[in-house]
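Colleague: The sequence shown begins at 971 in the working numbering and counts up one residue at a time.
Positions of the beta carbon are idealized from the N, C-alpha and C atoms, including for glycine.
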Amino acid sequence: MRPLAALERFLERLFERPTARLLGASLEPVTLARRLERAIDEERRAGAGGMLAPTRFAVVVSAADAASLARIATLEDDLAAAALDHARRRGYRIPERPTVAVVGSPALEAGDVRVTAGFAEGRRAPLEPDAQPERTLVHPLPRAVPPGAVLRVTPPGGPPRDVPLGRRPATIGRAGDAEVVLADPLVSRHHARLAVRGDRLVLVDLGSTNGTRVNGGVVREAVVGPGDRIEIGATRLEIVVPNGAAEGGWTPA
971 MRPLAALERF LERLFERPTA RLLGASLEPV TLARRLERAI DEERRAGAGG
1021 MLAPTRFAVV VSAADAASLA RIATLEDDLA AAALDHARRR GYRIPERPTV
1071 AVVGSPALEA GDVRVTAGFA EGRRAPLEPD AQPERTLVHP LPRAVPPGAV
1121 LRVTPPGGPP RDVPLGRRPA TIGRAGDAEV VLADPLVSRH HARLAVRGDR
1171 LVLVDLGSTN GTRVNGGVVR EAVVGPGDRI EIGATRLEIV VPNGAAEGGW
1221 TPA
């Protein structure tokens, strides 16, 4: 990070965050857009054809601000469009349509914003206006999954079955060595993985051919919990809490 950018960020934390706390102000979308623009300018890197812009962003805010911003249904798409517009105006190379995930964190205070920027690796998403961006995070974060939860697997045209969930990672796919085997021709041999991080359950796509969807959106990685709709090929998966299971985080299994 350049010294001037570091100084600007320090002054921003010094003045803007206390004001937000004292006045009870919530973050405005324009503030998040400006932070994205700054992240693009700070994190751009030189490439063979000119300056390359980052295209994958996580905007981390306080839990309270995330709840407030969640009322704006198109926020992440609007921020992605703003990032694309800024990169184009600056003349940066853009290998894929930008994606933005807004995530709430209990570690941040009201008014705090942390933006992390990443670059595309491997697959490229088209830049057509109707392209559907991949998401790397789901917002807001689902609640912790309680002990006793199961993964309910409903194959196409077949009855559902329940798979117990523990703390060990579980690979999902057609391969016989997968912990959750799916007899679905649209599923890759090693399609996705469920793993516990802290007390959250994270679903990671393993570079599958047909992708992984959560609540209708294509994801590369997502925190999932009860109520989320997971689609792998033509198979539906759901986190189900048995009747009488206590609320709370994961316990070792």
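#1: Name the residue from Leu1171, Ala1036, Ile1064 and Arg1122 whose alpha carbon lies nearest to the alpha carbon of arginine 1084.
#2: Measure how close the beta-carbons of leucine 1022 and tyrosine 1062 come, nearest whole angstrom, since I'm counting them as under 8 Å.
#3: For the structure I just gave you, are there three or more beta carbon pairs, one from the segment 1071–1079 and one from the segment 1051–1059, closer than 8 Å?
#4: Could you say which of Pro1024, Ala1145, Thr1069 and Ile1200 lies nearest to threonine 1044 if we only look at CA atoms?
#5: Assess, as a yes-or-no matter, whether the segment 1129–1144 is touched by the segment 1160–1170 under the definition of 3 or more beta carbon pairs within less than 8 Å.
#6: Between valine 1133 and threonine 1205, is the Cβ-Cβ spacing less than 8 Å?
#7: Going by alpha carbons, who is nearest to threonine 1182 out of Arg1170, Ser1158 and Gly1195?
#8: List the residues that DSSP assigns as beta-bridge partners of arginine 1084.
#9: Smallest Cα separation from proline 1117: which of Val1210, Leu997 and Ala1009?
#10: Under three-state DSSP, which class holds aspartate 1198?
#11: Need the endpoints of the beta strand (DSSP E) that leucine 1022 sits in, please.
#12: Where does proline 1134 sit, in a helix, a strand or coil, going by DSSP?
#13: With DSSP as the reference, label threonine 1025 as helix, strand or coil.
#14: What is the rounded straight-line gap between the Cα of valine 1172 and the Cα of glycine 1019?
#15: State the CB to CB distance for the pair valine 1194 and isoleucine 1202, rounded to an integer number of angstroms; the pair is presumed to be in contact (CB under 8 Å).
#16: Aspartate 1154 and proline 1125: beta carbons closer than 8 Å?
#17: Nearest to glycine 1136 by alpha carbon, out of Ala1009, Gly1127, Asp1011 and Arg1170?
#18: What whole-angstrom Cβ distance do threonine 1025 and proline 1065 have, given they're in contact under 8 Å?
#19: Give me the DSSP bridge partner(s) of leucine 1164.
#20: Using the Cα positions of asparagine 1185 and leucine 1078, report the straight-line distance between them to the nearest angstrom.
#21: Kindly indicate which three-state DSSP category isoleucine 1010 falls into: helix, strand or coil?
#22: Smallest Cα separation from isoleucine 1010: which of Ala1148, Glu1149 and Gly1088?
Modeller: Taking the coordinates as given:
#1: Ala1036
#2: 7 Å
#3: no
#4: Thr1069
#5: yes
#6: no
#7: Ser1158
#8: Val1030
#9: Val1210
#10: coil
#11: 1020–1022
#12: strand
#13: coil
#14: 36 Å
#15: Not really, about 12 Å apart at Cβ, beyond 8 Å.
#16: yes
#17: Arg1170
#18: 7 Å
#19: Ala1140 and Leu1173
#20: 27 Å
#21: helix
#22: Gly1088
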